[in-house]
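Participant: Everything in the sequence shown is counted per my numbering, starting at 12 for the first residue and increasing by one.
Got a structure for you, questions after.
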Amino acid sequence: MASGVLALLGSGETAPGMTKVHRALLARHVDVDALTLDTPYAFQENVPQMTEKLVSYFQRSLHVTLHPVHFARYDGATELERAMVKQRVRDATYLFAGPGSPSYALAQWEPLGLAEDLALALRRGATLCFSSAAAATIGSHAAPIYEIYKVGAEPHWLDGLDLTAVLGLECAVIPHWDNHEGATYDTSRCYLGERRLTLLEAQLPASTSILGVDEHTAL
């Protein structure tokens, strides 16, 4: 049974309202080894800026040094680099991963076998704090948001990390549950909208639930 904590943020990981959430999670640990894994957004051109924003937030608002762990592509990393990332994840007491693309993250993490490392960290008592895109990867199924919302792919699921199984949960996680950026069209359910989520829900096994996380909230 896991002795750690799996925290899911719908969005707003560096917003003022989330500071008390991070602080409460960090308070679980006497000696904090905090790291952030950049894979979900590592395909973007602004990786340094996004990482710096996270590091600065943790230092300024939480007085914690957040150590960046860079892992952009599985096929572009050496065996030594892969092994180092896996070891850092297993050893961390506080691990954060956040915005970007769920499908991109899974394409790098699945061949790395990161799910096993995350599960081990959780069983050892670590705090895993996943927001936005990273949160969408941790269930048994994961929705490829960009492909469906931006590219027009038919609604379908990818295999998730199934980290929720460590906690006895069989579910798919949908962050940004109450998003309303579309204004005149439905961008709730992580930009997919209710209609497309209904199609996705019908594809899940009867035993699998959908866990929605509203924006700027935490579970």
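A virtual CB, placed ideally from N, CA and C, is assigned to each residue, including glycine.
Cα separation between E92 and L36?
Facilitator: The residue given as residue 92 occupies position 81 in the sequence shown. The residue given as residue 36 occupies position 25 in the sequence shown. One C-alpha to the other measures close to 29 Å.
Participant: I'd like to know if the stretch 188-195 and the stretch 161-176 are in contact, where contact means that at least 3 CB-CB pairs between them fall below 8 Å.
Facilitator: Not touching, per the Cβ criterion.
Participant: Does the ligand PLP have even one heavy atom less than 7 Å from the beta-carbon of T138?
Facilitator: The ligand PLP is not part of this structure, which contains no ligands at all.
Participant: Assign I159 to one of three DSSP states: helix, strand, or coil.
Facilitator: Within the sequence shown, residue 159 is the residue found at index 148, counting from 1. Of the three classes helix, strand and coil, the one that applies to I159 here is helix, per DSSP.
Participant: Is the stretch 64-77 in contact with the stretch 22-38, if contact means three or more CB pairs nearer than 8 Å?
Facilitator: Yes, the stretch 64-77 touches the stretch 22-38.
Participant: Is the separation between the beta-carbon of A154 and that of G109 shorter than 8 Å?
Facilitator: The count along the sequence shown starts at 1 and reaches residue 154 at position 143. The count along the sequence shown starts at 1 and reaches residue 109 at position 98. No, they are not a contact pair.
Participant: Could you give the first and the last residue of the continuous alpha helix (DSSP H) run that contains A145?
Facilitator: What you label residue 145 is simply residue 134 of the sequence shown in a count that begins at 1. Its alpha helix (DSSP H) spans residues 143-147.
Participant: Return yes when the Cβ of L106 is within less than 8 Å of the Cβ of A132, no when it is not.
Facilitator: Numbered from 1 along the sequence shown, position 121 holds the residue referred to as residue 132. Numbered from 1 along the sequence shown, position 95 holds the residue referred to as residue 106. Going by C-beta atoms, A132 is nearer than 8 Å to L106.
Participant: With a CB to CB cut of under 6 Å and the five nearest residues on each side skipped, what residues in its chain are close to L230?
Facilitator: Taking the first residue of the sequence shown as 1, we reach residue 230 at position 219. Result list for L230: L19, V224, in chain order.
Participant: Output the residue ranges of the beta strand (DSSP E) runs that lie fully inside the stretch 79-154 and measure 3 residues or longer, sorted by chain position.
Facilitator: Entirely contained in the stretch 79-154, the beta strand (DSSP E) runs reaching 3 residues are, in chain order, 105-108, 138-142.
Participant: Could you tell me how far apart the beta carbons of V80 and R99 are, in whole angstroms, since I believe they sit closer than 8 Å?
Facilitator: Your numbering for residue 80 matches position 69 in the sequence shown. Your numbering for residue 99 matches position 88 in the sequence shown. Rounded, the Cβ-Cβ distance is 5 Å, consistent with contact.
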